[in-house]
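In this note's numbering, the protein residues as written are 1404 to 1590. Built from N, CA and C at the ideal position, the CB exists for glycine as well. Notes follow once the structure below has been shown.
Following this line, the structure appears as structure tokens:
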């Protein structure tokens, strides 16, 4: 528990806020609130990811392996093509192959070759992996609930709405950022 407190009381947040606020004001277009939001979202993700990763590792899981197992468990009964898994997880063909190799070695996934198309490779979840998920998921859901218990349902709903609005803004305005980068050359 002391390790978790240390993690949450990390001094990075104050350090970066101070530095960015001081340095940023020297540049045209600097908007402290936008920078602060960006830093806080990234910092919050990092804290949440580290907390969740700690108990995931006790089950031998990573974010990627858990996502694969959940996709397979709730996907088609015949399994999913490795190509489709890679697309859904936004990882390369080499990465998905390595992840499936790892899960297959642990006995969590069975790899299947399509008889009608020998190039097509499928992955199917095993009973062993389903039992692992049955042990892990209740703990995970309890932990997520505990981590956010100091927020009311209204606050959670407001945060969800703001995060959705932020994602929409990021997507809608990303082209303007890319066009600025096209005008800059460093080399």
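Item                                                                                                                                                                    : Value
Are the CB atoms of residue 1472 and residue 1483 nearer to each other than 9 Å?                                                                                        : no
Just to confirm before moving on: does the CB-CB distance between residue 1507 and residue 1496 stay below 9 Å?                                                         : no
Using CA atoms only, rank isn't needed, just tell me which of 1455, 1527 and 1560 is closest to residue 1479.                                                           : 1527
So, is residue 1404 buried or exposed, given that buried needs 16 or more other C-beta atoms within 10 angstroms?                                                       : Residue placement at residue 1404 is flagged as unreliable, the pLDDT there being 48, under the threshold of 50; the coordinate-derived value follows with that caveat. Result: exposed.
Comparing alpha-carbon positions, which option in 1532, 1502, 1424 and 1449 lies nearest residue 1477?                                                                  : 1532
Does the beta carbon of residue 1485 fall short of 8 Å from some heavy atom of the ligand GTP?                                                                          : Judged by which ligands are present, the structure shown has none, so any question about the ligand GTP falls away.
Around the C-beta of residue 1534, are 16 or more other C-beta atoms found within 10 angstroms, so that it is buried, or is it exposed?                                 : exposed
By the three-class DSSP mapping on this structure, what secondary structure does residue 1415 have?                                                                     : helix
Can the beta-carbon of residue 1444 be found closer than 9 Å to that of residue 1540?                                                                                   : no
Taking contact to mean 3 or more Cβ pairs, one atom from each stretch, closer than 8 Å, check whether the region 1458-1467 and the region 1430-1441 are in contact.     : no
Cβ of residue 1446 within 9 Å of Cβ of residue 1543?                                                                                                                    : no
Count the other CB atoms, across all protein chains shown, that sit within 10 Å of the CB of residue 1448; report buried if there are 16 or more and exposed otherwise. : exposed
In this structure, does DSSP put residue 1514 in helix, strand or coil?                                                                                                 : strand
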